[in-house]
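Student: Residue numbers (full-length UniProt numbering): 1 to 99. Here it is, the structure in full.
In structure tokens form, the structure reads like this:
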């Protein structure tokens with residue numbers, strides 16, 4: 001829980017690099033990030049204009065056994081939308097429907 005609070009503080013202050021480091025440290029410390037932590041960092045990445053980071057985190061969730069939620073997908077879609085990546089957003093929306 002302390003890690004998630006730290007991630008939250010980083011994302012509120014728009015510190016994407018720090019939030020990404022915390023996710024990495026959580027994995028190293030065998031404290032797997034949960035959906036909430038991933039969602040906060042995906043949102044932070046989108047707000048920072050880092051759509052590749054946002055979509056990469058979404059993919060990474062599945063790789064580490066954390067199922068993406070509707071919030072996860074919406075945050076990644078928002079990042080793509082803000083970046084003008086509408087074709088990628090459409091593909092992701094289609095993917096989401098098949099999940």
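Backbone N, C-alpha and C define an ideal beta-carbon position, used for all residues, glycine too.
Counting beta carbon pairs with one atom in the region 24-31 and one in the region 50-61, are three or more of them shorter than 8 Å?
Tutor: As far as the Cβ criterion goes, the region 50-61 does not touch the region 24-31, which means the pair count is below three.
Student: Output yes or no for whether 8 Å exceeds the beta carbon distance between residue 46 and residue 75.
Tutor: Yes, the pair counts as a contact, with Cβ atoms nearer than the cut-off.
Student: Are residue 64 and residue 32 closer than 8 Å when you measure CB to CB?
Tutor: In this structure, residue 32 lies closer than 8 Å to residue 64 by Cβ.
Student: Near residue 36, what residues of its chain come up, given a Cβ to Cβ distance below 7 Å and the 5 sequence neighbours on each side ignored?
Tutor: Taken in chain order, the residues that qualify are 4.
Student: When you compare the CB positions of residue 20 and residue 42, do they come within less than 8 Å of one another, or not?
Tutor: Contact: no.
Student: In whole angstroms, what separates the C-alpha of residue 30 from that of residue 82?
Tutor: Looking at the two C-alpha atoms, the distance is approximately 34 Å.
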